[in-house]
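Quick notes on the structure that follows.
2 protein chains.
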Amino acid sequence: MHKENNLSKNQQIIFDLINKSSEPLKAYTILFNVQKRGIKAPPQVYRALDKLVQTGKIHKIESKNAFVACRNTNCEMSKATAFSICESCEMVDEISDAKLNKYLSSFNDKKGTKYKRFNLEFFGLCKKCK
Amino acid sequence: MHKENNLSKNQQIIFDLINKSSEPLKAYTILFNVQKRGIKAPPQVYRALDKLVQTGKIHKIESKNAFVACRNTNCEMSKATAFSICESCEMVDEISDAKLNKYLSSFNDKKGTKYKRFNLEFFGLCKKCK
DNA sequence: TTACATAGTGTTATATTATAACAAACCTTA
DNA sequence: TAAGGTTTGTTATAATATAACACTATGTAA
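Residue numbers (numbering that gives the first Met the number 0), protein chains in the order written: chain A, 0 to 129; chain B, 0 to 129.
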């Protein structure tokens with residue numbers, strides 16, 4: 000029996016927290032929130048986050064140094080990510096748009112280079128803030 | 000006579016450094032390199048960087064926390080930025096592709112939201128590293 | 001010219017984000 | 001059981017970024 004894609008204890012604790020959050024969580028916010036569950040130090044958090052990002056369970060919002068759960072069944076390896084970010088309320092939504100995804104995944108630059116991975120962040124005002 | 004788009008002393012020093020660099024520079028690398036020119040403390044660097052980013056003279060590579068000079072005469076306000084990033088040698092190139100730019104600038108998500116700004120980062124291997 | 005507003009500067013201290021390094025525990029599979 | 005990988009716990013510290021305050025320079029408008 001080989002290893003399932005199951006999460007380890009710390010990974011599960013941290014994934015659960017991020018997954019039930021409606022907004023991106025920062026590493027030290029996570030740390031604070033899981034201390035009651037025995038996770039006491041930054042490396043424990045960052046290690047779990049790294050692993051969750053690698054496996055595509057969560058994504059890092061680079062412009063905010065914060066993490067959201069993946070809402071897209073297709074992006075298992077975080078190869079193609081796109082987000083909309085509200086500049087007013089800080090809300091973040093993962094964009095799941097097949098056409099956009101296809102367009103960018105097959106994008107070649109002028110030198111003909113293809114890429115393995117991309118991350119796209121859109122900024123504007125969300126419906127509520129408009 | 001109204002104000003030109005000229006840079007202040009610190010802004011100019013820091014822009015010159017970034018502009019002549021072939022690779023993205025980090026804030027503390029910049030600080031180290033401009034100390035001989037009288038810029039001694041982080042806030043001086045970050046303030047100049049903020050202003051240069053706002054005016055589109057430089058861009059921040061979010062995934063690297065590093066800064067590059069704008070190579071694109073069109074993106075004066077940093078509203079539409081795209082980069083190719085080599086995962087091996089860390090080289091960064093600004094992508095200037097009118098079609099891509101147009102496609103993303105006019106992108107609407109499923110809720111019909113338009114965005115003011117985007118930042119796109121492609122990852123892969125550059126020509127040298129392939 | 002003076003006076004006001006705005007932007008920029010210099011400085012100290014501190015907040016926030018992230019990793020190094022090492023030892024121990026825990027699974028898996030041979 | 002032994003070997004190898006991954007996860008954990010821990011302390012310390014590195015790297016990135018901002019708060020706050022006093023002061024200076026510059027542009028604009030009366």
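Virtual Cβ for every residue (Gly too), placed ideally from N, Cα, C.
Residue-chain proximity (residue i, chain B), Cβ-Cβ < 9 angstroms
{"i": "A/Leu-103", "result": "yes"}
{"i": "A/Cys-125", "result": "yes"}
{"i": "A/Ser-62", "result": "yes"}
{"i": "A/Thr-112", "result": "yes"}
{"i": "A/Asp-96", "result": "yes"}
{"i": "A/Phe-181", "result": "In the structure as shown, chain A begins at 0 and stops at 129. Residue 181 of chain A is therefore absent and cannot be evaluated."}
{"i": "A/Ser-21", "result": "no"}
Residue i versus residue j - alpha carbon distance
{"i": "B/Leu-132", "j": "A/Phe-14", "result": "Here chain B has residues from 0 to 129 only, and residue 132 of chain B is not among them."}
{"i": "B/Asp-92", "j": "A/Lys-78", "result": "19 angstroms"}
{"i": "B/Val-44", "j": "B/Ile-29", "result": "7 angstroms"}
{"i": "B/Lys-115", "j": "A/Gly-123", "result": "5 angstroms"}
{"i": "B/Thr-112", "j": "A/Ser-7", "result": "38 angstroms"}
{"i": "A/Pro-41", "j": "A/Lys-25", "result": "12 angstroms"}
{"i": "A/Lys-129", "j": "A/Leu-99", "result": "24 angstroms"}
{"i": "A/Arg-46", "j": "B/Asn-5", "result": "45 angstroms"}
{"i": "B/Ile-38", "j": "A/Tyr-27", "result": "31 angstroms"}
{"i": "A/Ser-20", "j": "B/Gln-53", "result": "31 angstroms"}
{"i": "B/Thr-72", "j": "B/Lys-35", "result": "31 angstroms"}
{"i": "A/Lys-110", "j": "A/Ile-12", "result": "44 angstroms"}
{"i": "A/Phe-133", "j": "A/Thr-80", "result": "With chain A covering 0 to 129 only, the question about residue 133 of chain A has no answer from this structure."}
{"i": "A/Asn-18", "j": "B/Asn-18", "result": "41 angstroms"}
Residue j beta carbon less than 9 angstroms from that of residue i
{"i": "B/Leu-119", "j": "B/Phe-66", "result": "no"}
{"i": "B/Asp-49", "j": "A/Asp-96", "result": "no"}
{"i": "B/Ala-68", "j": "B/Lys-59", "result": "no"}
{"i": "A/Phe-121", "j": "A/Leu-103", "result": "no"}
{"i": "B/Lys-63", "j": "B/Glu-86", "result": "no"}
{"i": "A/Glu-22", "j": "B/Glu-61", "result": "no"}
Own chain residues within Cβ distance below 8 angstroms of residue i, not counting five before or after
{"i": "A/Leu-16", "result": "Leu-24, Ile-29, Asn-32, Val-33"}
{"i": "A/Met-0", "result": "A caution first: A/Met-0 carries a pLDDT of 34, below 50, which makes its placement in the model unreliable, though a value can still be read off. Around A/Met-0: no qualifying Cβ."}
Same chain, Cβ closer than 6 angstroms to residue i, five either side skipped, listed in chain order
{"i": "A/Arg-70", "result": "Glu-93"}
{"i": "A/Cys-125", "result": "Cys-85, Met-90"}
Residue i at chain A interface by Cβ criterion, 9 angstroms
{"i": "B/Met-0", "result": "Below a pLDDT of 50, predicted positions are generally treated as unreliable, and B/Met-0, at 34, falls in that range; the measurement from the model is reported next regardless. No, its Cβ sits nowhere closer than 9 angstroms to a Cβ of chain A."}
{"i": "B/Tyr-45", "result": "no"}
{"i": "B/Arg-116", "result": "yes"}
{"i": "B/Asp-49", "result": "no"}
{"i": "B/Leu-24", "result": "no"}
{"i": "B/Asp-15", "result": "no"}
{"i": "B/Glu-120", "result": "yes"}
{"i": "B/Lys-56", "result": "no"}
{"i": "B/Glu-89", "result": "no"}
{"i": "B/Leu-30", "result": "no"}
{"i": "B/Lys-109", "result": "yes"}
{"i": "B/Ser-7", "result": "no"}
Cβ shell of residue i (< 7 angstroms), same chain only, five flanking positions each side left out
{"i": "B/Gln-130", "result": "Not covered by the structure: residue 130 of chain B. The range shown for chain B is 0 to 129."}
{"i": "B/Lys-127", "result": "Cys-88"}
{"i": "A/Lys-131", "result": "The shown model of chain A, from 0 to 129, leaves out residue 131 of chain A, and the question about it has no answer."}
**Asked** Considering only residues of the region 14-65 of chain B, which uninterrupted alpha helix (DSSP H) runs meet the minimum length of 4 residues and lie entirely inside it, listed in chain order?
**Response** For the region 14-65 of chain B, the continuous alpha helix (DSSP H) assignments of 4+ residues that do not extend past its boundaries occur at 26-33, 41-53, in sequence order.
**Item:** Whole beta strand (DSSP E) elements within the region 72-112 of chain B, 3-residue minimum
**Value:** If only uninterrupted beta strand (DSSP E) runs of at least 3 residues are considered, those enclosed by the region 72-112 of chain B are 79-85, 91-93.
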